[in-house]
Amino acid sequence: MNYETVIGLEVHAELATESKIFCGCTTKFGGEPNTQCCPVCTGMPGSLPVLNKRVVCLAIAAGIATNCEITRHCRFDRKNYFYPDLPKAYQISQLYMPVCQNGYLEIDTADGKKKIGIKEIHMEEDAGKLIHHDGENCTLIDYNRCGVPLLEIVSHPDFRSAEEVISYLEKLKNILIYAGISDCKMQEGSLRADVNLSVRKKGCLKMGTRTEMKNLNSFKAISRAIEYESGRQIELIEAGKKVRQETRRWDDAKGESSAMRSKEEVHDYRYFPEPDIPPVEISEQWIENIKGNLPELPDAKKKRYVEELGISSYDADILIRSKNIAKLFEETAGYCKSPKDAANWITVELMKILNEEGADPETINIDFEHIGKIIKMVNGGKINRNIGKQALSKVFFEKRDPEAFVRENGLSMLSDREEIEKIVDKVISDNPGPVHDYKNGKEKAVGYLVGQTMKAMKGAADPSEINTILKEKLN
Amino acid sequence: MNIFNMTALQLGEKINKREIGVLEAVKEAVKYIKDTDKKYNAFITVCEEEALGRAEDVQKKINEGKLNGPLAGVPMAVKDNICTSGIKTTCASKMLENFIPAYNAEAIERLYNAGAILLGKLNMDEFAMGSTSETSFFGAVKNPEDTGRSPGGSSGGPAAAVASNEIWYSLGSDTGGSIRQPCSFTGTTGIKPTYGRVSRYGLIAYASSFDQIGPIAKNVSDCAAVLNVISGYDEKDGTSSKSEKGDFLKNLVYGVENMKIGIPREYFEESMDQEVKDAVLNAAKQFEIMGARVEEFSLEAVKYAVPAYYIIASAEASSNLSRYDGIKYGYRAENCKNISELYERSRTDGFGEEVKRRIMLGNFVLSSGYYDAYYNKALRVRNIIKRSFDKAFEKYDIILSPTAPETALKLGESLSDPVKMYSGDIFTVSANLTGLPGMTLPCGRDTAGLPIGLQLIGPAWKESNLIRAGYTFESWSGYREAKR
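Protein chains in written order, with the working numbering: chain A, 1 to 475; chain B, 1 to 484.
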């Protein structure tokens, strides 16, 4: 029997604001415990939350970028539950009137384009962090994360495979980074995804019983967890057992998930409208302003690269995959006045270095003028492509100016024909053997002589030109 | 010179003219509190040391001409649910018995800047839940008019401390009548401002969408002076209003000619003490004599005010009080085996009966399956009441009513029947459901000699109407000065 996996995602993205959602505390990652909190975010008696307007701006931007309707009159609600990392014993979130609704993202799948529906996007505050000391039998609480603004982006159950999920997540992450909404660092927890998954027999219209999976800290973990969970559910059904509706925790080291709590233990969160924060009225003008200031998003960028700059669709995909790389490309292209060469050098040569080094394209810092200068030197015949690659390596590892590098190492190609001829003459007189071979019809021997000449010139020459000169002299 | 017979503005003037020293006033007041408060139990904390320090500082500023406001140097005290930096703020609860905030409420901050001298923190119903000030962990407050009776609640301490002349004015908080009803029972005067007029920052929340801080004082003028200081926009409170605050002292104008006063018929159909009814109707008559136009009208929606109020207030309270979980501050039960037991026992032992009753009620009305039947319906009632008041205020400048159906109740007679106690809030809760400003001031005494309070409700942001009408009535009637 064939089964179909049905998946929905709840993505939490930490917003790229300087300060928290309801107070002025910093949102910086990694501070000493309890140094980034105040009476408001620790829920001290009498303190009151005041909405950070920037959070609403970013939420609206996320809604626009994911084709959502923006709720004109949106409101916060309290989600009530007891847990030591939640100092007010309620989380300020949105249930009844979330800021964005009914959007979608289009992803590429093996079968072509597919629309993934976005049910809603809502704003909420993060909770603190519990630090368990097993040996000392105690638990400490760090409230630094309390009140860090989050967006929860809830999809419809439109995914049918792990590949679709990853494709969606990559696209969503890219959009959030491009629009400056979130920096999406999964290792710092600024992008998290919970997976709701069920299986059903192919063709069956009724949904199966779903489980929710948490603690997924990388795309790879998400992919593995999906494979594991759909396998587990199919196995249960095949064995005539039932899938329990429950929340499960993924253990990436073990490569398996385990039940955290079942439906019977599901909380009644007693949501009700947050009385401390007045409803947020979002005007047409506000939305238009944000729309007008939204940077170019990946899809639009790709279209422009292909249609206006003549970049191949394949290269354009590589370039837009990282906001940082796309920026580097555009600046380089502008500097060297050759978008195609800029694309070529970045997608081939720079990417090769990044792959070899395992560097994150989003965080590298390369001066576009440096790459631009390399392209200019190569195109102008001042250096050959090999020297260009060497220069790029110096740019990447040492931030070395490529012109200085070429000049100081005498790597520019000699344009003085007489100079080159002198060196060629010397190579001929130093290598009587190969010269003899060549003259006896061994065509290959000229290659050795070209190599010797290049070596003598430290590579700063055009090999085909040397080849021509050599042949002239020897014939 | 007997400073205790003076009003806050009179004492302020003497201090301003340097006829009385701040330190001298503070010392006398502290001594008086120490001598007499045993009788009333109005104070939970007396902060003598801080007060003496502040007195010297304020005197210096007055001498240097840096402080010349009408309340500079005048001693006062505030309800113990208003946060005071470095001074215990208990909410009259075992839960916060030893809680010392690291911040001041905005209202406190503003009073300090105006030269107020805080003498202490005043007793109340636990977490402001109650109508008699008997649910306090620190014992019941007694009415200075008759120590066998309750001063009302929940701001019983603030009302009693003013009524007993222990202080010149106080701050209370009003969620469903908690300023106005104690004023009615003690013969003092108080204002519940329009919701959003006074910052709630630092007021420990009971029901966030109703709570307002307001003054309790000896007369309307003092209330106006205090309101001047504490009101106005505060960026720390998202529900604080930017609307023009004006100068309430300028509303102390004698005369109510052409003022239109409406009396809701439904209020007088409620069961109520005949003497209270007579006194309030007589007050209406006095307004007519003074030149106001007074007429009866129908305000049907108020019939549903009490149940709607208790549903919404309890719902908000259940959430607001969840933070007292024994984890971060406040009471924590000892020797708990796990986190659930820690929550359960800390909250069971830390809260009193009335607080627990309202938390349970609130959790119930918010539970899935009951939310629409109770909470949502109550919100709809709230909107209906709001609309009918808005409509009434198209016609009237003031709505006049009793504050409470009875005069001060005997201690120990109310807590056994919570529903009866809740229904006593019938006249006051509408101002909270609608956010409108309300004032209570004395309008006579019953045959037992107990004060009767008149309630005036005004349109939103029109405390000016209340102050003018109240000032005129007070000057005309002389009820404030009338003793038993």
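Virtual Cβ for every residue (Gly too), placed ideally from N, Cα, C.
What you are looking at is a predicted structure, and each value in this text was computed from that prediction instead of being measured.
{"Asked": "For Lys-121(B), which residues does DSSP report across the bridge?", "Found": "Thr-45(B) and Val-78(B)"}
{"Asked": "Cα-Cα, which of Leu-379(B), Lys-462(B) and Val-365(B) is closest to Phe-393(B)?", "Found": "Lys-462(B)"}
{"Asked": "For the beta strand (DSSP E) holding His-436(A), just list the boundary residues, first then last.", "Found": "Per DSSP, His-436(A) belongs to no beta strand (DSSP E); it is in the alpha helix (DSSP H), 432 to 439."}
{"Asked": "To be precise: take each residue of the region 263 to 283 of chain A, compare its Cβ to all Cβ atoms of chain B, and keep it if any distance is under 9 Å. Which residues remain?", "Found": "Asp-268, Tyr-269, Arg-270, Tyr-271, Phe-272, Pro-273, Glu-274, Pro-275, Asp-276, Ile-277 and Pro-278"}
{"Asked": "On the CB-based measure, 16 or more other CB atoms within 10 Å of its CB, does Gln-59(B) come out buried or exposed?", "Found": "buried"}
{"Asked": "Look at the Cβ atom of Thr-188(B), then the Cβ atom of Ala-161(B), and state whether they are nearer than 7 Å.", "Found": "no"}
{"Asked": "Using only CA atoms, which one of Thr-403(B), Leu-433(B), Phe-138(B) and Leu-456(B) lies nearest to Thr-186(B)?", "Found": "Thr-403(B)"}
{"Asked": "Just reading off the beta strand (DSSP E) that Pro-264(B) is part of, what are its end residues?", "Found": "260 to 264"}
{"Asked": "Looking at the structure shown, is Ile-507(A) part of a helix, part of a strand, or coil, going by DSSP?", "Found": "Here chain A covers residues 1 to 475 and nothing more, so residue 507(A) does not appear."}
{"Asked": "Output yes if chain A places a C-beta closer than 7 Å to the C-beta of Gly-148(B); else output no.", "Found": "no"}
{"Asked": "Note down the Cα distance separating Gly-372(A) from Leu-151(A), rounded to an integer number of angstroms.", "Found": "39 Å"}
{"Asked": "Any beta-carbon of chain B closer than 7 Å to the one on Lys-88(A)?", "Found": "yes"}
{"Asked": "Given a cut-off of 7 Å on the beta-carbon distance, is the pair Pro-149(A) and Ile-282(A) in contact?", "Found": "no"}
{"Asked": "May I have the straight-line CA-CA distance separating Asn-383(B) from Lys-245(B), to the nearest angstrom?", "Found": "26 Å"}
{"Asked": "With DSSP run on the structure shown, which of helix, strand or coil describes Arg-200(A)?", "Found": "strand"}
{"Asked": "Helix, strand or coil: how does DSSP classify Val-395(A) here?", "Found": "helix"}
{"Asked": "For Lys-17(B) and Ala-55(B), I'd like the C-alpha separation in whole angstroms.", "Found": "16 Å"}
{"Asked": "Who are the neighbours of Phe-389(B) on chain A, taking C-beta pairs under 9 Å?", "Found": "Within 9 Å Cβ-Cβ: nothing; Phe-389(B) doesn't reach chain A, min ~19 Å."}
{"Asked": "Please list, in chain order, the chain A residues whose beta carbon lies closer than 7 Å to that of Asn-363(B).", "Found": "Arg-270"}
{"Asked": "Counting only beta-carbon separations shorter than 7 Å, does Ala-408(B) have a partner in chain A?", "Found": "no"}
{"Asked": "Examine chain B for any beta-carbon lying closer than 7 Å to the beta-carbon of Asn-54(A), and answer yes or no.", "Found": "With the sequence shown as reference, residue 54(A) is identified as Arg, and Asn is not the correct amino acid for it. No - not a single Cβ of chain B is within 7 Å of the one on Arg-54(A)."}
{"Asked": "Tell me, please, whether the CB atom of Gly-202(B) is closer than 7 Å to any CB atom in chain A?", "Found": "yes"}
{"Asked": "Using the Cα positions of Gln-187(A) and Asn-80(A), report the straight-line distance between them to the nearest angstrom.", "Found": "28 Å"}
{"Asked": "Give me, in chain order, the residues of the same chain whose beta-carbon lies closer than 8 Å to that of Tyr-90(A); leave out the 5 immediate sequence neighbours on both sides.", "Found": "Arg-78, Lys-79, Asn-80 and Tyr-81"}
{"Asked": "Any beta-carbon of chain B closer than 7 Å to the one on Ala-147(A)?", "Found": "Before going on, a small fix: residue 147(A) reads as Gly here, not Ala. No, Gly-147(A) does not count as interfacial toward chain B."}
{"Asked": "Give the single residue among Glu-330(A), Glu-274(A) and Lys-458(A) whose Cα lies nearest to the Cα of Tyr-96(A).", "Found": "Glu-274(A)"}
{"Asked": "What residues from the region 347 to 380 of chain B come within 7 Å of chain A, judged by C-beta to C-beta, listed N to C?", "Found": "Asn-363, Leu-366, Ser-367, Ser-368 and Tyr-375"}
{"Asked": "Less than 7 Å between the beta carbons of Glu-106(B) and Ser-199(B), yes or no?", "Found": "yes"}
{"Asked": "Residues in the same chain with beta-carbon distance under 6 Å from Met-377(A), minus the five sequence neighbours each way, listed in chain order, please.", "Found": "Ile-383"}
{"Asked": "Would you list, in sequence order, the uninterrupted alpha helix (DSSP H) runs of no fewer than 4 residues that lie entirely inside the region 310 to 370 of chain B?", "Found": "339 to 350 and 353 to 366"}
{"Asked": "Mind listing, in chain order, the continuous alpha helix (DSSP H) runs of no fewer than 4 residues lying wholly within the region 191 to 268 of chain B?", "Found": "220 to 230"}
{"Asked": "What's the gap between the Cα of Ile-179(B) and the Cα of Asp-85(A)?", "Found": "36 Å"}
{"Asked": "Buried or exposed, going by whether 16 or more other CB atoms sit within 10 Å of the CB of Lys-201(A)?", "Found": "exposed"}
{"Asked": "Between which two residues does the beta strand (DSSP E) harbouring Phe-297(B) extend?", "Found": "293 to 297"}
{"Asked": "Please go through the same chain and pick out, in chain order, the residues whose beta-carbon is closer than 6 Å to the beta-carbon of Glu-164(A), but skip the five residues on each side of it.", "Found": "Thr-109"}
{"Asked": "Would you mind working out which of Val-229(B), Gly-73(B), Val-220(B) and Ser-240(B) sits nearest Ser-209(B), comparing C-alpha positions?", "Found": "Ser-240(B)"}
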